[in-house]
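Chemist:
Okay, structure coming up:
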């Protein structure tokens, strides 16, 4: 997770605000979903 977090710009806002970026979902195409409402749509 740390490697994913440190190498993806999707986490920049979370890191800047002192958050871990959890929950996060890595999609097969390499996209990262951090928005809880979008996670709920997927599941």
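Numbering (my numbering), first residue to last: 215 to 257. The C-beta atom is built at its ideal place from N, Cα and C for all residues, glycine as well.
Expressed to the nearest angstrom, what Euclidean distance is found between the alpha-carbon atoms of residue 222 and residue 234?
Modeler: Near 13 Å, if we compare the C-alpha coordinates of residue 234 and residue 222.
Chemist: Please report the straight-line C-alpha distance between residue 220 and residue 229, rounded to a whole angstrom.
Modeler: 9 Å
Chemist: What does residue 239 pair with, by DSSP beta-bridge criteria?
Modeler: BP columns for residue 239 point to 247.
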